[in-house]
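Those sequence lines, one after another, are chains S and B.
Mapping to our numbering: the first sequence position 249 is 249, numbers consecutive.
Mapping to our numbering: the second sequence position 31 is 307, numbers consecutive.
Beta carbons are placed, not taken as given, at the ideal position from N, Cα and C, and that holds for glycine.
Everything numeric in this text was worked out from a predicted model, so none of it was measured.
Data first, discussion second: the structure below is written as structure tokens.
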Amino acid sequence: MKTASAGLTARQIHERKARRRSVMIATLSTVVVVGLIVIFLPMTPGWDRVRSSFFDGEILAKTFPSLLSAFRWDVAIFLWCTPAIAILGLLIALCRDARAPALFPLRIFGVLYTDIFRGVPVILIVFLIGFGVPGLGLQRPWNSPYIWGSLALILTYSAYVAEIFRAGIESIHESQRAAAKSLGLSHADIMRYVVLPQAIRRVVPANMNMLVALQKDVALLSFIGPVELLRQAGVHKSLLANFTPYVGAAIIFLAVTIPVTRFADYLIAKQNKARS
Amino acid sequence: MSVLRLSNVTKSFGATQVLRGIDLEVNEGEMICLIGASGSGKSTLLRTINLLEPIDEGEIWFDGQDISLPDVAPQPIRRKIGLVFQSFNLFPHMTAVENVLLAPSRVFKRSKKDLLPEVMQLFEQFNLKDRMQAYPDQLSGGQQQRVAIVRALAMRPRIMLFDEVTSALDPELVSEVLDTLLKLKAQNMTMILATHEMGFAREAADRVCVLDGGKIIETGTPDQIFNAPQTKRAQAFLASVL
Chain S
1 MKTASAGLTA
11 RQIHERKARR
21 RSVMIATLST
31 VVVVGLIVIF
41 LPMTPGWDRV
51 RSSFFDGEIL
61 AKTFPSLLSA
71 FRWDVAIFLW
81 CTPAIAILGL
91 LIALCRDARA
101 PALFPLRIFG
111 VLYTDIFRGV
121 PVILIVFLIG
131 FGVPGLGLQR
141 PWNSPYIWGS
151 LALILTYSAY
161 VAEIFRAGIE
171 SIHESQRAAA
181 KSLGLSHADI
191 MRYVVLPQAI
201 RRVVPANMNM
211 LVALQKDVAL
221 LSFIGPVELL
231 RQAGVHKSLL
241 ANFTPYVGAA
251 IIFLAVTIPV
261 TRFADYLIAK
271 QNKARS
Chain B
277 MSVLRLSNVT
287 KSFGATQVLR
297 GIDLEVNEGE
307 MICLIGASGS
317 GKSTLLRTIN
327 LLEPIDEGEI
337 WFDGQDISLP
347 DVAPQPIRRK
357 IGLVFQSFNL
367 FPHMTAVENV
377 LLAPSRVFKR
387 SKKDLLPEVM
397 QLFEQFNLKD
407 RMQAYPDQLS
417 GGQQQRVAIV
427 RALAMRPRIM
437 LFDEVTSALD
447 PELVSEVLDT
457 LLKLKAQNMT
467 MILATHEMGF
477 AREAADRVCV
487 LDGGKIIETG
497 TPDQIFNAPQ
507 TKRAQAFLAS
517 VL
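Given below as structure tokens:
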């Protein structure tokens, strides 16, 4: 059913019209919402105070370089925590998957571990370990809050990551294990060569989301001492009696977390496509 | 000489009795076809021989050893009994050749480099040499199933079990897999096939066993079974499929 115009079928013309219509509606509604905010927000009674104490361009420019340099600590803590979390999380997941009766204590340990560290707020673990362990009177450098704060993050996050790995392990179809068994492979070999490589690949997107969360939670260490980004912003805030440094810190966090989040979403979409 | 002998094997899943006293003797170089309706116990029978399913009662003698005893370690037995599945079950994260090399390299502790010549020979023999580096999802169903057969053969098994290996294939791909089975028969491989390919069973089998309700109700040469079935149930089953 061809029409004269550019050789498009009636259906294609109809679809093009529908597409144009929905783009127009989306644009219009966005303009209206943004317009309302721009018009009404400055009309609120406290707007001038809020603007000068949160969005002061001069203060932002002045404090930003030192915020950036403090952010290097966040990056460093993140970088050494990540591999430790991956390894510990995997080990805990394997503990929980142990099927042999002799390994029952390992399984109990895995269950308790994940229950405890997922059941307590991260900040509490940071306080308990970050203040508690150095309180034992350890010598430098073993009393550093960087070490014990990092350990708190590692313990907490590995509990979550362990659950993700376990879900991945359980998602591998029993027929894969059966095929590997029928060839005479041992339990350990089946796990190592058949199940884990597939399971780990399958949960990469979920673990990317954990990485995004970890990037932000590194800031919790500011409560026990390390002068990382959030702490540095707090110092500026106190000295300048202005909240703008916090906004600067938020900008820096977003500059890192948004790309990683997008990338995780991209991986999930790719995986869903591959599976369908 | 008998390679495998089952006597009075029973197996239940919960309240459902799947095998009700199976007796079967398989001789060296023999090809046995198990036929019967879905749910008659063919697959379960093969899985018990490979020790994927423990049996409730009875004995399974393989190579002069009762392998059904609970204290028998399954791994050394399984590597001598190849099993090929209906749904191929290749490892999707490995290429065809990696699929085949994994078990012999781990089980026999031989380097892959060392194993490669004989594995390549198997690929060549089954016309898969140009597909060695392909991943399973890049292979057709027929090719995947033939790689699965090569994977089992690479362990140099004494006996091969085939669990409806053509049932998941598009019709035009069935014959390449059946040809592979004929090749193995020509090499004198001992084989048990659970199959719905009646034409193939008739042509190629040395002996055909008809399963019904977890029992072998009739056994004989293809000629006896297909032309002059004795029992009513076997007659009814054959009438429904032929």
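On the DSSP letters alone, give me the boundaries of the alpha helix (DSSP H) that residue i sits inside.
i: VAL285 of chain B; result: Where VAL285 of chain B is concerned, there is no enclosing alpha helix (DSSP H), although the beta strand (DSSP E) it sits in stretches over 278–289.
i: GLU494 of chain B; result: Note, GLU494 of chain B: premise wrong, no alpha helix (DSSP H); beta strand (DSSP E) at 491–496.
i: PHE513 of chain B; result: 508–517
Comparing the C-beta of residue i with each C-beta of chain S, is any distance below 7 Å?
i: PHE399 of chain B; result: no
i: PHE367 of chain B; result: yes
i: ALA470 of chain B; result: no
i: GLY417 of chain B; result: no
i: LEU328 of chain B; result: yes
i: GLN351 of chain B; result: yes
i: ARG382 of chain B; result: yes
i: LEU429 of chain B; result: no
i: LEU345 of chain B; result: no
i: ALA379 of chain B; result: yes
i: LEU359 of chain B; result: yes
i: ARG407 of chain B; result: no
Please check if any C-beta of chain B sits within less than 7 Å of the C-beta of residue i.
i: ALA100 of chain S; result: no
i: GLN139 of chain S; result: no
i: GLN198 of chain S; result: yes
i: VAL204 of chain S; result: no
i: GLY184 of chain S; result: yes
i: SER175 of chain S; result: yes
i: VAL194 of chain S; result: yes
i: ALA178 of chain S; result: yes
i: ASP189 of chain S; result: yes
i: THR27 of chain S; result: no
Compute the Euclidean distance between the alpha carbons of residue i and residue j, then round it to the nearest angstrom.
i: GLY489 of chain B; j: LEU310 of chain B; result: 13 Å
i: LYS181 of chain S; j: LYS270 of chain S; result: 31 Å
i: MET1 of chain S; j: HIS14 of chain S; result: Unreliable positioning characterises MET1 of chain S in this predicted model, as indicated by a pLDDT of 48, which lies under 50. The coordinate reading is nonetheless provided below. Their Cα atoms are separated by approximately 13 Å.
i: GLN176 of chain S; j: SER278 of chain B; result: 31 Å
i: ILE425 of chain B; j: THR324 of chain B; result: 19 Å
i: LEU221 of chain S; j: PRO205 of chain S; result: 26 Å
i: GLN198 of chain S; j: MET191 of chain S; result: 10 Å
i: MET208 of chain S; j: LYS318 of chain B; result: 45 Å
i: PHE502 of chain B; j: SER387 of chain B; result: 48 Å
i: ILE200 of chain S; j: PRO42 of chain S; result: 50 Å
i: ASP347 of chain B; j: ARG355 of chain B; result: 17 Å
i: GLU452 of chain B; j: VAL195 of chain S; result: 30 Å
i: THR3 of chain S; j: VAL31 of chain S; result: Residue confidence for THR3 of chain S is low, a pLDDT of 48 falling below 50, so the modelled location carries little weight and cannot support an answer.
i: VAL227 of chain S; j: LEU60 of chain S; result: 18 Å
i: LEU8 of chain S; j: ARG16 of chain S; result: 10 Å
i: ILE343 of chain B; j: GLN351 of chain B; result: 11 Å
i: VAL360 of chain B; j: ASN143 of chain S; result: 59 Å
i: ALA219 of chain S; j: ALA86 of chain S; result: 20 Å
i: LEU460 of chain B; j: ILE492 of chain B; result: 25 Å
i: LEU391 of chain B; j: THR466 of chain B; result: 23 Å
i: GLY225 of chain S; j: ILE268 of chain S; result: 37 Å
i: GLU440 of chain B; j: VAL395 of chain B; result: 25 Å
i: GLY290 of chain B; j: GLY119 of chain S; result: 37 Å
i: ALA152 of chain S; j: ALA159 of chain S; result: 11 Å
Over what stretch of residues does the beta strand (DSSP E) that includes residue i continue unbroken?
i: LEU185 of chain S; result: Note, LEU185 of chain S: premise wrong, no beta strand (DSSP E); not H, not E.
i: GLU301 of chain B; result: 292–303
i: GLY334 of chain B; result: 333–338
i: MET307 of chain B; result: 307–311
i: ARG483 of chain B; result: 483–488
i: LEU469 of chain B; result: 466–470
i: GLY328 of chain B; result: The sequence given here has Leu at residue 328 of chain B, not Gly. Note, LEU328 of chain B: premise wrong, no beta strand (DSSP E); not H, not E.
Assuming residue i and residue j form a contact by the criterion Cβ under 8 Å, report the distance between their Cβ atoms to the nearest whole angstrom.
i: LEU487 of chain B; j: GLY297 of chain B; result: LEU487 of chain B to GLY297 of chain B, Cβ: 12 Å. No contact.
i: ILE331 of chain B; j: LEU437 of chain B; result: Not really, about 15 Å apart at Cβ, beyond 8 Å.
i: LEU211 of chain S; j: THR82 of chain S; result: 7 Å
i: SER283 of chain B; j: GLU329 of chain B; result: Not a contact, Cβ separation roughly 17 Å.
i: GLY184 of chain S; j: ALA379 of chain B; result: 6 Å
i: VAL302 of chain B; j: LEU295 of chain B; result: That pair is no contact at about 16 Å.
i: TYR157 of chain S; j: LEU79 of chain S; result: With a Cβ gap of about 14 Å, TYR157 of chain S and LEU79 of chain S do not count as contacting.
Relative to the alpha-carbon of residue i, which residue among the options has its alpha-carbon at the smallest distance?
i: SER363 of chain B; options: B:PRO350, B:VAL294, B:ASN464, B:GLY418; result: B:GLY418
i: ILE435 of chain B; options: B:LEU392, B:GLN409, B:ASP406, B:ILE468; result: B:ILE468
i: THR114 of chain S; options: S:GLY89, S:ASN207, S:ALA98; result: S:GLY89
i: ALA349 of chain B; options: B:ASN326, B:ASP332, B:ASN365; result: B:ASN326
i: MET370 of chain B; options: B:LEU392, B:VAL395, B:GLY340, B:GLN409; result: B:GLN409
i: ARG407 of chain B; options: B:GLU374, B:ARG432, B:PHE384; result: B:GLU374
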